[in-house]
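Position 214, counted from 1, in the sequence shown is what our numbering calls 277; the numbers after and before it change by one each time, with no gaps.
Glycine included, each C-beta is placed from N, C-alpha and C at the ideal position.
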Amino acid sequence: MSIPVPSRQLFIDGEWREPLLKNRIPITNPATELIIGSIPAATSEDVDLAVEAARRALSRNKGNDWASASGAHRAKYLRAIALKIKERKSELAELESMDCGKPLDEAAWDIDDVSACFDYYADLAEGLDAKPKTHVSLPMETFKCHVVKEPIGVVGLITPWNYPLLMGTWKVAPALAAGCAAILKPSELASITCLELAAVCKEVGLPPGILNVLTGFGPEAGAPLASHPNVDKVAFTGSSATGSKIMASASKLVKPVTLELGGKSPIVVFEDVDLDKAAEWTIFGCFWTNGQICSATSRLIVHESIAAEFLDRIVKWTKKIKISDPMEEGCRLGPVVSAGQYEKVLKFIETAKSEGATILCGGTRPEHLKKGYFLEPTIITDVSTSMQIWREEVFGPVLCVKTFRNEDEAIELANDTQYGLGAAVISKDLERCNRITKALNAGIVWVNCSQPCFCQAPWGGNKRSGFGRELGEWGLENYMTLKQVTEYISDEPWGWYQPPLSKY
Ligand code: ADP
């Protein structure tokens, strides 16, 4: 028996508020197709209220407000949030699993990462106190200069459904650590745990307006947030199509954006690998979280001399993956997130077939699961580089395969994509790994693994995968701006208007 989904309202100015239009969006459990609750649907008027609340929160107690308080002050709240999340781990993991269909073990792992991320940014907030300014040496001794980092202000955070609470945390934790006030707009397909984050913030007494959570549809709630004149920065994770719209609307107000978008990441497997180890990383790299990860290494590029044997191994590994209700013990692959996503992935597979590709395994609903948006993990060969399946992001459990003969060809195939988020190389020859790493056009390169992610290291991509980096110290900088302070320290007048102009 699963736990009930809490019925929540929008979280604005530290209070639960019904959306002004009073609309709600039903939540479907993708494993059962049953409605398990609902979330409030915010519209632009609610966005206005949240932005006003965030703005007020930054101007409250001027001089001792959230932004100008010490990092240690803000760190106390971040640590309290981390602790509460830890205490509610099993409940949050269950809610996450029911909402987006990820196996319970994965969801539990996410919740651990969430609380670790809040703790990590608490450390970085404290670190800001240790280095309040950076001195800059100037070529003129009549001037003194230093640089301070300041919070950027009110930030709009728009996040996807594949890691609902974790993606929210990747933005909320550094934003709060930096001293910003935030409005989080999670995906309408999976928002439950972000509303629980709001509940946690209320419980730990986070000052009102510092975090506001608005659930709702993209065009109705996300778009007005992204284009709001009183939002100083937008950070977005989601599809490249939506990222492009957000960038367009932000550009009208010259608003800074950070975009973490799609991917079609390669995994290059050389002939010298341990076949089983490489097989496990290959299928983990693509089927973890059901392939619904922007960084999924969904293009396997394998040396032709081991291709037949390697494909045999990965098919064997793939067939062993336990597909079940995500709550079931040992589940390793749940349903995709929604009916829409299910249809989309099936269409990709159908198109690949019609273009002449071969389905090596999967491609359909597992026989033992009659309900839910379940798909067998799918491996596709006989793929050409012009096929849609090779070029476009599927965001589902689909791996496509090509072979290579030499390093140059492997690099060319790997970089032959509009995206540049992740890439992986598997080989026992570390010198070769170094060469390939340098040649790959990607923001993240995994060597002899694929997908592990740590909140200390930067995350983000090149090309159409977006720009800017989240996580690590770079994630904190996303929410800060630099102020140069230059002081004239000479007793002499400046003298520009008092000839002779001999000072140079
Ligand atoms: P997907 O298609 O996989 O759901 P999206 O990029 O559409 O991915 O969604 C990611 C996030 O962007 C979600 O929170 C969604 O509501 C939001 N979103 C969608 N469209 C817009 C838009 N036009 N402006 C702002 N946010 C949007």
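- In its chain, beyond the 5 residues on either side, A289, S290 have a beta carbon closer than 6 Å to the beta carbon of S312.
- In this model, V177 and A170 are separated by some 10 Å (Cα to Cα).
- When the beta-carbon positions are compared, N353 and G459 come within less than 8 Å of each other.
- Proximity of the beta carbon of A286 to ligand 1 is indicated: a heavy atom of the ligand is located closer than 7 Å.
- Straight-line spacing of the CA atoms in D111 and K152 works out to 33 Å.
- Bridge pairing for E78: I75 [DSSP].
- By DSSP's assignment, I442 forms a beta bridge with C424, L462.
- With a cut-off of 8 Å on Cβ pairs, the region 174-194 is in contact with the region 138-149, counting three or more such pairs.
- Around the beta carbon of Y551, a 10 Å sphere encloses fewer than 16 other beta carbons of the protein chains shown; the residue is thus reported as exposed.
- Here the alpha carbons of I356 and A505 stand approximately 15 Å from one another.
- Not one heavy atom of ligand 1 lies closer than 7 Å to the C-beta of I102.
- Distance from the C-beta of T222 to the nearest heavy atom of ligand 1 is below 7 Å.
- When C-beta atoms of the region 438-456 are compared with those of the region 483-503, fewer than three pairs fall below 8 Å, so the two segments do not count as touching.
- Under a 10 Å Cβ-count criterion, I66 is classified as exposed, with fewer than 16 other Cβ atoms of the shown protein chains found around its own Cβ.
- Counting only runs of 4+ residues, the alpha helix (DSSP H) found wholly inside the region 311-382 occupies 338-350, 370-382, in chain order.
- Of the residues assessed, L493 falls on the exposed side of the cut-off, its CB having fewer than 16 other CB atoms within 10 angstroms.
- A direct Cα-to-Cα measurement between I412 and T421 gives close to 10 Å.
- Excluding its 5 nearest sequence neighbours in each direction, A298 has C-beta neighbours in its own chain below 6 Å: L220, K234, T321, listed in chain order.
- Beta-bridge partners of C208 (DSSP): V199, T549.
- DSSP, read as helix, strand or coil, puts L503 in coil.
- Taking 8 Å as the cut-off, the Cβ atoms of A241 and Y542 count as close.
- CA-to-CA, the gap between T278 and T381 works out to about 36 Å.
- In the assembly as shown, I507 is a buried residue. Its beta-carbon has 16 or more other beta-carbons within 10 Å.
- Fully contained in the region 218-256 are the following beta strand (DSSP E) runs of length 3 or more, in chain order: 244-248.
- At least one heavy atom of ligand 1 lies less than 7 Å from the C-beta of P282.
- The DSSP-derived three-state label of W559 is coil.
- The region 71-152 is shown to contain whole alpha helix (DSSP H) runs of 4 or more residues at 107-122, 134-150, in chain order.
- Three or more Cβ pairs closer than 8 Å define a contact, and the region 89-102 falls short of that threshold against the region 267-275.
- By the Cβ criterion, the region 358-378 is in contact with the region 332-340, since at least three pairs of Cβ atoms, one from each stretch, lie closer than 8 Å.
- Here P214 is bridged, per DSSP, to M543.
- In this structure, T232 has its beta carbon at no less than 7 Å from each heavy atom of ligand 1.
- Between the region 436-443 and the region 466-474, the count of C-beta pairs closer than 8 Å stays below three; the two stretches do not touch.
- Taking each of L260, V267, S250 in turn and checking the Cα distance to A286, the smallest one comes out for S250.
- Within the DSSP bridge table, the entry for E533 names W522 as partners.
- Where I452 is concerned, the enclosing alpha helix (DSSP H) starts and stops at 451-454.
- Within the region 381-406, no complete alpha helix (DSSP H) segment of 4 residues or longer occurs.
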